[in-house]
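Contents: one structure, followed by commentary.
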Amino acid sequence: MTARGGVASVASMATEHPITAPDGTRTVVDEYRPQAHSETSGSMDASAAVLFLPALGVPIGYYRPLFEKAAARGIRIFGLEMRGRPRTSTTDMRKHDWGYATIIEQDIPAAFRQSPLGEIEHLTVVGHSLGGLLALTATGAGILRPDRVMTAASGAAHFTSRDGFVARMQRRLVTPWARTITQVWGYFPGHRLGFGDRQPKTMIADWHREARTNRFIFANTSTDYEEALHHVEVPVLQLSFAGDTLVSSRAVDMLAQRVGPVTPERVHLGTDANEGRAWDHVRWPRQNADAVLDTMQSWAREHPAPASASPLPTSPEV
250 MTARGGVASV
260 ASMATEHPIT
270 APDGTRTVVD
280 EYRPQAHSET
290 SGSMDASAAV
300 LFLPALGVPI
310 GYYRPLFEKA
320 AARGIRIFGL
330 EMRGRPRTST
340 TDMRKHDWGY
350 ATIIEQDIPA
360 AFRQSPLGEI
370 EHLTVVGHSL
380 GGLLALTATG
390 AGILRPDRVM
400 TAASGAAHFT
410 SRDGFVARMQ
420 RRLVTPWART
430 ITQVWGYFPG
440 HRLGFGDRQP
450 KTMIADWHRE
460 ARTNRFIFAN
470 TSTDYEEALH
480 HVEVPVLQLS
490 FAGDTLVSSR
500 AVDMLAQRVG
510 PVTPERVHLG
520 TDANEGRAWD
530 HVRWPRQNAD
540 AVLDTMQSWA
550 REHPAPASAS
560 PLPTSPEV
């Protein structure tokens, strides 16, 4: 995750790379490439980069302050806009439907084929919440082959992942309620309910199954993505945040227990890392991006990339 041999002091504006998935869905990959001063020019490793996968319902543009700070540190970073967000062709949830597997098997490979991601030799994948789940499952399935994976506020959805009896009962009731609302409405109206923004039926169904069974059982795929979690063979860092009311430290621990054969390394960022303030599940990239980047870069230095790597996605077995 760190640039080799120097750090840029000025971040460039994002370059937009339009991509089209096999099913015709159009989305974009934003690339933030550092611009070094003359004394550091050529010192950054152009063959290394970060792919960032966002949280459920969060546009990739929301992370711009985080990406700019990363680029200012000499990190080349790519952010994939998820289906359903404003810069995609699938904003009408009644007309379009997809789930976790669609993003893993169509959008991520398309991003590599149709953007400079396909030229990257050393890749770190960073995922926020849902993005972290996609990063781990896609890596375990061999669709992504990064040097390492980092997740931020990504945890198990099962009701036992919540802290306290009341919170557990709330989660146990909310997930079937969300599925019912989605079936009646035709899509999940998260923009009206204050969580997740608009989401399609299959996405909510995938989430509900994991919340009920504590296993990933994705629709419309022949790949067992729960089994794929047992084949993650690269270093993994999992971050949790004090004050996160949606994904507790316990939830992150429960997800970590399902990952293998590597043992993920866990870091819990307390309020002391955020000037005494509680962290927010969604807003952490804008609350204190530097503290998170410091943690990620320190861990990355302890887990250097191998001499050679091939992060290009492969087609899932069918």
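The sequence shown runs 250 to 567 under the numbering used here. Positions of the beta carbon are idealized from the N, C-alpha and C atoms, including for glycine.
By DSSP's criteria, V516 is part of a beta bridge. Which residues make up the other side? Here the question's residue 516 lines up with position 267 in the sequence shown. Answer is L488.
Same chain only: Cβ atoms within 6 Å of D346, ignoring 5 sequence neighbours per side: For the purposes of this step, residue 346 is taken as the residue at position 97 of the sequence shown. The answer, listed in chain order, is P449, K450, T451.
One question on the structure: do T424 and T337 come within less than 9 Å of each other, judged by their Cβ atoms? Here the question's residue 424 lines up with position 175 in the sequence shown. Here the question's residue 337 lines up with position 88 in the sequence shown. Cβ atoms of T424 and T337: not closer than 9 Å.
Alpha carbon to alpha carbon, what distance is there between V278 and M342? In the sequence shown, counting from the first residue as 1, residue 342 sits at position 93. In the sequence shown, counting from the first residue as 1, residue 278 sits at position 29. Cα to Cα, M342 sits roughly 21 Å from V278.
According to DSSP, simplified to helix, strand and coil, what is F437? Here residue 437 refers to the residue found at position 188 of the sequence shown. Strand at F437.
Kindly confirm or deny that the region 385-392 and the region 470-478 touch, where touching means at least three C-beta pairs closer than 8 Å. yes
DSSP has H371 in a bridge; who is on the other side? Taking the sequence shown and counting its residues from 1, one reaches residue 371 at position 122. Per DSSP, A297.
To the nearest angstrom, report how far apart T269 and V516 are at their CA atoms. Here residue 269 is taken as the residue at index 20 of the sequence shown, counted from 1. Here residue 516 is taken as the residue at index 267 of the sequence shown, counted from 1. Spanning the alpha carbons of T269 and V516 requires a straight line of approximately 36 Å.
Which residue's Cα is closest to the Cα of I324: H377, R282, A384? Within the sequence shown, residue 324 is the residue found at index 75, counting from 1. The shortest C-alpha separation from I324 is found at R282.
According to DSSP, is L302 part of a helix, a strand, or is it coil? Along the sequence shown, read from residue 1 onward, the residue named residue 302 stands at position 53. Three-state DSSP puts L302 in a strand.
Less than 9 Å between the C-beta atoms of S410 and R499, yes or no? Locating residue 410 in the sequence shown gives position 161, where the first residue counts as 1. Locating residue 499 in the sequence shown gives position 250, where the first residue counts as 1. In this structure, R499 lies closer than 9 Å to S410 by Cβ.
Relative to the C-alpha of F465, which residue among H440, G525, M503 is closest? Your numbering for residue 465 matches position 216 in the sequence shown. Checking every option, the nearest Cα to that of F465 belongs to M503.
Tell me which residue opens and which closes the beta strand (DSSP E) that R461 is part of. Looking up residue 461 in the sequence shown gives position 212. That residue, R461, is in no beta strand (DSSP E); its alpha helix (DSSP H) goes 450-462.
Taking Q546 as the reference, which of I352, R334, A298, I309 has the closest Cα? Here residue 546 refers to the residue found at position 297 of the sequence shown. That would be A298, whose Cα lies nearest to the Cα of Q546.
What first and last residue would you give for the beta strand (DSSP E) that runs through L329? Residue mapping note: residue 329 aligns to position 80 of the sequence shown, counting from 1. Segment 326-329, the beta strand (DSSP E) holding L329.
Round the Cβ separation of P534 and Y349 to the nearest angstrom and send it over; I've been treating them as touching at under 8 Å. Position 285 of the sequence shown holds residue 534. Position 100 of the sequence shown holds residue 349. Incorrect: roughly 22 Å between the Cβ atoms, too far for contact.
Only counting the same chain, and skipping five residues up and downstream in sequence, which positions put a Cβ closer than 7 Å to that of Y436? Here residue 436 refers to the residue found at position 187 when the sequence shown is read from its first residue. Answer for Y436: M342, R343, R447, Q448, P449, K450, listed in chain order.
Which of helix, strand or coil does DSSP assign to V423? Position 174 of the sequence shown, counted from the first residue, corresponds to residue 423. The DSSP-derived three-state label of V423 is helix.
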